[in-house]
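The block underneath contains the structure these notes are about, expressed in structure tokens.
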Amino acid sequence: MPESRSLILDGRTWAEVSLTALAANFHSVQKHVGPGVTICAVVKADGYGHGAVECARALESEGAQWLGVTDAAEGHALRGAGVKARILLMTGIWKGEEDTIVAQNLTPTIWEPWHIESLERAARKRQSVLPVHLKLDTGMNRLGAPREALPHLCEMLSASRHLHLEGVSTHFASAEVLDAEDARRQMKRFEEGLAVLQNHGLNPPLVHMGNSAAMSARPDTWKTMVRPGIALYGYSLEFTRGGETAAVAALHLRPVLSWKTRVLTVKEVAAGQAVGYMGTFVTKTQSRIAVLPVGYADGYPRLLSNRARVIVGGEYAPVVGRVSMDLTIVDVSHIGGVAVGDEVILIGQGTGKASGKTVDAVELARLCESVPYEILCGLSQRVPRVYL
Ligand SMILES: Cc1ncc(COP(=O)(O)O)c(C=O)c1O
């Protein structure tokens with residue numbers, strides 16, 4: 094084992110990213126959508142906290158032809174790391190980025206006249222043709238061209254000599270709600286938008302709507318491309334119908350990231366003692382507590398105070414007291430032999446004595462009234478990522 098890696102594994106906290114699991118999830122998605130649908134593997138926000146460069150390289154070597162990122166800065170970082178796959182900038186462009194976009198063969202999502210004008214100028218300067226994807230706002234009211242703007246944008250794109258309309262897209266507000274009226278409406282508006290494009294002689298080959306939820310459970314949205322993110326990192330969405338949890342044909346996915354730490358110190362605390370900031374937990378009996386060197390500065394949310402559990406010594410141990418910036422306290426009174434240096438699982442699956450025990454990002458998210466995305470993206474840069 095290289096010295097730097099063993100130092101990390103001996104250190105206070107680290108995240109293990111299984112590129113094998115990432116590859117397997119990618120192949121599950123591929124099998125699910127079949128060969129006619131191109132996958133744009135979303136690696137924005139530093140690969141949902143898993144490390145964009147490492148994930149992009151791994152996905153590329155598994156055959157991913159497209160990667161989705163937020164903006165030109167993220168695309169630039171991937172190109173700088175030698176990533177050759179096509180890169181879709183999903184959140185538009187900023188003025189001044191056009192030359193970089195053209196020079197680095199990044200593919201912008203566009204929806205405003207000035208996007209077309211400025212990219213056309215940049216592509217003309219380099220005597221090149223830049224592929225672009227047009228985003229339609231079909232009802233989420235976030236990004237994309239509204240219906241009324243489409244004819245003018247189509248005319249501009251038709252007249253353009255240096256832009257090639259390669260793709261058209263939209264994004265769902267609530268794809269995981271299987272009977273959502275708004276999703277049905279979005280699909281209808283998207284079809285209407287495609288008809289406007291066709292009437293202007295525009296038939297982009299890449300037509301895409303689906304995030305992980307739509308990719309998993311709504312085959313009628315697949316068109317010719319899907320843009321899964323969270324599924325690649327091993328998480329299924331929670332689907333509902335009629336307000337109840339709904340089962341959908343499960344893709345075989347497994348979480349890519351495990352988050353670990355080690356016991357920093359163990360101490361006996363008498364009954365009736367307050368633990369941690371503001372004394373929000375008071376021991377009922379003589380207790381043994383373990384202090385973990387991880388806190389909200391690492392991305393372990395303070396909302397997990399007195400709520401979450403970890404796996405240590407083959408058992409679950411509850412978080413007691415407030416999670417602080419660098420430290421979290423767990424009650425290990427019921428677990429024999431917990432000692433300084435013992436490995437603790439914050440997110441992940443237990444093995445050996447702890448096999449069958451799991452804490453995942455969904456569980457932590459629920460405790461924080463959040464989503465697994467926020468937990469995963471929230472792991473701070475202070476947590477070294479180890480790639481397995
Ligand atoms: C435009 C767009 N497409 C695809 C995705 C991927 O979504 P998910 O991670 O739910 O698959 C996102 C994520 O927010 C997005 O903004």
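In this note's numbering, the protein residues as written are 94 to 481. Ideal placement from N, C-alpha and C gives every residue a C-beta, glycine not left out.
Query, Result
"Just the Cα atoms here: how many angstroms apart are Asp-275 and Ala-266?", "8 Å"
"Please classify Cys-133: does DSSP put it in a helix, a strand, or coil?", "strand"
"How many Å lie between Gly-365 and Met-318 at the Cα?", "59 Å"
"Hey, is Arg-217 close to ligand 1, as in C-beta under 7 Å from one of its heavy atoms?", "no"
"Go ahead and pull the three-state DSSP assignment for Arg-381.", "strand"
"Let's see if you can read the secondary structure: which residues bound the alpha helix (DSSP H) around Met-302?", "Segment 299 to 303 is the beta strand (DSSP E) holding Met-302; no alpha helix (DSSP H) there."
"Would you list the residues whose beta-carbon is nearer than 5 Å to any heavy atom of ligand 1, in the order they occur in the chain?", "Val-135, Met-183, His-264, Asn-304, Ser-305, Arg-320, Pro-321, Gly-322 and Ile-323"
"What's the C-alpha gap between Ala-324 and Gly-303?", "12 Å"
"Taking just the CA atoms, how far does Glu-269 sit from Ala-340?", "11 Å"
"Between the beta-carbon of Pro-298 and the beta-carbon of Thr-106, is there less than 8 Å?", "no"
"Give the range of the beta strand (DSSP E) segment to which Ala-410 is assigned.", "408 to 411"
"Just curious, the alpha helix (DSSP H) that Tyr-466 is in, first and last residue?", "465 to 471"
"Can you tell me the Cα-Cα spacing of Ile-468 and Asp-453, whole angstroms?", "10 Å"
"Measure how close the beta-carbons of Trp-204 and Ala-238 come, nearest whole angstrom, since I'm counting them as under 8 Å.", "4 Å"
"Relative to the C-alpha of Asn-234, which residue among Pro-244, Thr-193 and Gln-279 is closest?", "Gln-279"
"Any idea what DSSP makes of Pro-201, helix, strand or coil?", "strand"
"When you compare the CB positions of Gly-406 and Val-431, do they come within less than 8 Å of one another, or not?", "yes"
"For Leu-481, is the beta carbon positioned less than 7 Å from some heavy atom of ligand 3?", "Here the bound small molecules are ligand 1; ligand 3 is not part of this structure."
"I'd like to know whether the C-beta atoms of Leu-481 and Thr-193 end up nearer to each other than 8 Å.", "no"
"Between which two residues does the beta strand (DSSP E) holding Val-455 run?", "No beta strand (DSSP E) holds Val-455; the alpha helix (DSSP H) holding it covers 454 to 460."
"Name the two residues that bound the continuous alpha helix (DSSP H) containing Thr-193.", "191 to 196"
"Since I believe Val-433 is in contact with Thr-358 (beta carbons under 8 Å), could you give me their beta-carbon distance rounded to a whole number of angstroms?", "6 Å"
"The beta strand (DSSP E) that contains Thr-357, what's its start and end?", "According to the sequence as given, residue 357 is Leu; it is not Thr. Taken as a continuous stretch (DSSP letters only), Leu-357 belongs to no beta strand (DSSP E), as it is neither H nor E."
"In chain order, what residues of the same chain lie with their CB nearer than 6 Å to the CB of Thr-338, ignoring the 5 residues before and after it?", "none"
"Check this for me: beta carbons of Gly-78 and Cys-461, under 8 Å apart or not?", "In the structure displayed, the chain extends from 94 to 481; residue 78 sits before or after that span and is not available."
"Tell me the DSSP secondary structure of Ile-422 in three-state form.", "strand"
"In the DSSP assignment, find the unbroken beta strand (DSSP E) run with Ser-262 in it and report its ends.", "256 to 262"
"Quick check: the Cα distance between Ala-310 and Thr-451, rounded to an integer number of angstroms?", "25 Å"
"Mapping the DSSP letters down to three states, classify Lys-228 as helix, strand or coil.", "strand"
"Assuming Leu-271 and Thr-333 are in contact, meaning their beta carbons sit under 8 Å apart, how far apart are those beta carbons, in whole angstroms?", "7 Å"
"Put Val-146 into one of helix, strand or coil per three-state DSSP.", "helix"
"So the alpha helix (DSSP H) Arg-172 belongs to, where does it begin and stop?", "165 to 173"
"Candidates Lys-218, Leu-182 and Ala-149: which alpha carbon is nearest Ala-116's?", "Ala-149"
"Assuming Leu-223 and Leu-246 make a contact with CB atoms under 8 Å, what is their CB distance in whole Å?", "With 8 Å as the limit, Leu-223 and Leu-246 do not qualify as a contact, their Cβ atoms being about 16 Å apart."
"Would you call Ser-473 buried or exposed, if buried means 16 or more other Cβ atoms sit within 10 Å of its Cβ?", "exposed"
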